[in-house]
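Since the structure comes first, as structure tokens, the remarks are kept for the end.
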Amino acid sequence: MQVTRVHRRGNCAFPAPLASPGPPLRWPLLWLTFWLSWVPPITRFERSPAVAMAKRDRYRAALLWRMVRNNVELRRLLTSEERTSLNDHYDKLGRESDATRRATALELRSLLSGPAARLPAYLGIAGMLAWCVLLIVHTTLYPNKELLRFYVFQPLLLAALAPFSLYLLSNLERKLFFRLDTRPSSLLHSILAFTALTMLLASINQDVPVSSGRMDGFHLTIWLIGIGIAPLFEEIAFRHWLPSRIGRAPHWIGHFVSAAIFTAAHVPTTLDPELALYYTLCGITLSALRIQTDSLLWTFLVHSAANVAIVLAM
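Counting in our numbering, the sequence shown runs from 22 upward without gaps.
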């Protein structure tokens with residue numbers, strides 16, 4: 022069944038419906054693509070964190086483990102093999118040179134207790150000021166384009182807030198969750214998640230009062246900036262901050278609760294059950310990618326790329 026609807030309100034971090042409807046999205050194909058994002062890594066060997074980490078990363082992990090190993094709750098989170106591996110690497114670190122041991126300790130200290138980077142906060146302040154100025158200018162120059170202003174400036178507001186969400190992460194969280202993971206399994210999961218996400222967005226976005234083909238360069242540019250950067254705010258909020266507050270890792274319940282809130286933030290006032298289901302699947306797809314890659318960088322890139330691809334196809 023083809024979905025045709027016009028959004029009056031909604032969160033434009035996912036752009037609203039396509040101007041020219043495409044072929045209908047069939048449930049079997051949708052679910053096949055979604056569940057493909059859960060295929061196990063190419064080899065069991067790749068999935069081992071010890072294999073993926075560099076030697077210095079293993080040394081830092083071993084040093085940190087040595088500091089917290091007497092914590093009973095933390096010990097329960099690791100298997101006996103993992104604890105043995107950490108102890109072995111700590112012994113290897115003890116046999117390294119003084120320079121290596123000193124560098125490892127300094128790197129770990131910078132991760133755990135270094136001051137928060139101020140650049141994201143400055144970027145957030147500059148972004149909010151720029152957003153306010155652009156909104157005033159746009160209202161003055163285009164007083165009769167309220168609908169266009171709503172679609173363009175709502176994702177731009179989230180983009181302006183995105184640096185603040187990055188600022189609120191600790192140094193350790195930024196380095197852990199935004200590291201570049203180029204393992205084949207992570208690339209495969211990201212490609213499959215992007216495919217599933219674009220199919221879902223194509224089904225959601227069937228009719229829209231505005232489209233990129235009818236926009237001038239100014240409006241198209243700020244729209245693309247908005248939908249390209251806004252996912253950074255959404256991924257930190259919905260794939261890290263909310264799920265991590267509910268349950269234990271990998272926070273299954275937290276991710277489902279987060280997907281429900283993610284859906285509520287995107288669905289218009291006139292609730293359409295089918296539309297709500299599509300947005301829920303979008304949230305679950307991104308949560309699946311977050312769990313599989315243990316990264317926020319890939320979820321942000323996939324989310325952003327899907328948004329941009331849909332807008333350029335309009």
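Ideal Cβ placement from N, Cα and C applies to all residues, glycine included. Quick caveat, the model's predicted, so the values are computed rather than measured.
Straight-line gap, residue i to residue j (C-alpha atoms, nearest Å)
i	j	result
residue 279	residue 311	13 Å
residue 169	residue 99	52 Å
residue 111	residue 126	12 Å
residue 272	residue 259	12 Å
residue 316	residue 140	22 Å
residue 122	residue 106	18 Å
residue 284	residue 108	44 Å
residue 329	residue 162	26 Å
residue 304	residue 156	29 Å
residue 218	residue 256	14 Å
residue 321	residue 97	31 Å
residue 287	residue 244	17 Å
residue 295	residue 113	56 Å
residue 308	residue 323	12 Å
residue 147	residue 188	14 Å
residue 263	residue 171	27 Å
residue 223	residue 331	7 Å
residue 277	residue 119	48 Å
residue 238	residue 268	46 Å
residue 178	residue 117	50 Å
residue 138	residue 192	8 Å
residue 115	residue 89	18 Å
residue 149	residue 104	46 Å
residue 180	residue 246	8 Å
residue 314	residue 261	13 Å
residue 42	residue 302	Only weak support exists for where residue 42 lies, its pLDDT of 39 falling under 50; the coordinates are left without a value.
residue 175	residue 281	21 Å
Exposed unless 16 or more other CB atoms sit within 10 angstroms - verdict on residue i
i	result
residue 211	buried
residue 300	buried
residue 236	buried
residue 242	exposed
residue 165	exposed
residue 306	buried
residue 201	exposed
residue 325	buried
residue 274	exposed
residue 221	buried
residue 248	buried
residue 79	buried
residue 298	exposed
Rounded Cβ spacing between residue i and residue j (contact assumed at less than 8 Å)
i	j	result
residue 197	residue 129	Not a contact, Cβ separation roughly 13 Å.
residue 182	residue 254	5 Å
residue 185	residue 142	7 Å
residue 206	residue 319	Rounded, the Cβ-Cβ distance is 11 Å, inconsistent with contact.
residue 240	residue 173	6 Å
residue 215	residue 327	6 Å
Heavy atom of the ligand MG within 7 Å of residue i beta-carbon
i	result
residue 198	As for the ligand MG, it is missing from this structure, which has no ligand bound.
Any chain C beta carbon closer than 8 Å to residue i
i	result
residue 119	Structure shown: chain C not included; a single protein chain is present.
Return the chain-ordered ranges of every alpha helix (DSSP H) run that is complete within the stretch 112 to 152 and spans a minimum of 4 residues.
Those alpha helix (DSSP H) runs which fall completely within the stretch 112 to 152 and span 4+ residues are 119 to 134.
Contiguous alpha helix (DSSP H) assignments of at least 4 residues, all confined to the stretch 184 to 234
Correct list: 192 to 198 and 205 to 225.
For a minimum of 4 consecutive residues, which ranges assigned as the alpha helix (DSSP H) are wholly contained in the stretch 237 to 275?
Counting only runs of 4 or more, we get 238 to 257.
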